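Everything below concerns the one structure shown next.
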Amino acid sequence: MCDFSSCLFDVAMKPLEALRLTERRRQLLGSASGRVLEVGAGTGANLPHFRYEHIADLTVTDIEVRPRLQHRVRWTAAAAGLNPARLAVREAPAERLPFEDASFDCVVATLVFCTVSDQQAGLSEVRRVLKPGGTLLFMEHVRPPQPVPAKLFAVLNPAWGLVSGGCNLTRNTLAGLRQAGLPPRLYGTFAGGIFTYGIAPKPA
Ligand SMILES: C[S@@+](CC[C@H](N)C(=O)[O-])C[C@H]1O[C@@H](n2cnc3c(N)ncnc32)[C@H](O)[C@@H]1O
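Put into structure tokens, the structure is as follows:
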């Protein structure tokens, strides 16, 4: 995505953000603390919602780091009065995170595991880099729970993938989390169960 596309993405997301997402981001990210990693940070929509007084350092990653993310990171560090060393940006795919085992207290992923090509590999990497007792904070859209919307989404999925840069409407990410050894505890769902958010702790 070029920076113009990043701006378009933010504009397209505005109605959704206003409806529910921003409020949920704030609720979810308020508990991020210690050494924190964000995967698939996109345009940096989560950056305003961290409580930096609880965060030792934050590393934001994406498979493609856009200028808009770099800019927002610099702006956030300046606005929060953070030493820039506490807020780093790395280009990295979720499936191959360039970090040691058990490096982070908290990993954040919002609207990412619908797009990561190998979801299971990405979730296994999240588990690997989390410390025992550490927590994934997630918000994802998933396959609709009702049979009729689920069928409709399955039909739309190939075309949607083409226009959205590989996003999938049919993933069972909660099952993926369980399979990766990160049993999810839901804070809630919205939009008819299509969006789900909560925490997934790595057992101590
Ligand atoms: C829909 S955007 C979500 C961005 C942001 N997390 C948010 O909540 O607005 C999905 C992001 O996942 C990133 N992404 C896609 N595949 C990825 C992968 N394999 N590893 C890391 N990030 C990936 C994309 O580049 C994009 O920035």
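Take 3 as the starting number for the sequence shown in my numbering and just add one per residue.
Ideal placement from N, C-alpha and C gives every residue a C-beta, glycine not left out.
Remember, it's a predicted structure, so these values are computed and weren't measured experimentally.
E102 is classed as exposed because its beta carbon has fewer than 16 other beta carbons within 10 Å across all chains shown. The three-state reading of DSSP puts A90 in strand, counting E and B together. Counting every other CB atom within 10 Å of its CB across the protein chains shown gives K16 a total below 16, marking it as exposed. Distances from the CB of A182 to the heavy atoms of ligand 1 are all 6 Å or more. One alpha carbon belongs to V75, the other to G183, and they sit about 31 Å apart.
The three-state reading of DSSP puts E127 in helix, counting H, G and I together. Around the beta carbon of A43, a 10 Å sphere encloses 16 or more other beta carbons of the protein chains shown; the residue is thus reported as buried.
For K204, there is no enclosing alpha helix (DSSP H), as DSSP marks it with neither H nor E. Judged by beta-carbon spacing, A202 lies beyond the 7 Å limit of L113, meaning their Cβ atoms are not closer than that value.
In the structure shown, the three-state DSSP call for V165 is helix. Taking every protein chain shown into account, the CB of E127 has 16 or more other CB atoms within 10 angstroms, so this residue is buried. Our two residues, V91 and G167, have alpha carbons roughly 22 Å apart in a direct line.
The three-state reading of DSSP puts G178 in helix, counting H, G and I together.
Rounded to whole angstroms, the gap between the alpha carbons of L154 and T172 is 10 Å. About 6 Å separates the beta carbons of N48 and E40, which is inside the 8 Å limit, making them a contact pair. By the 16-neighbour rule on beta-carbons within 10 angstroms, D120 is exposed. Per DSSP, L30 is one residue of the alpha helix (DSSP H) stretching across T24 to L31.
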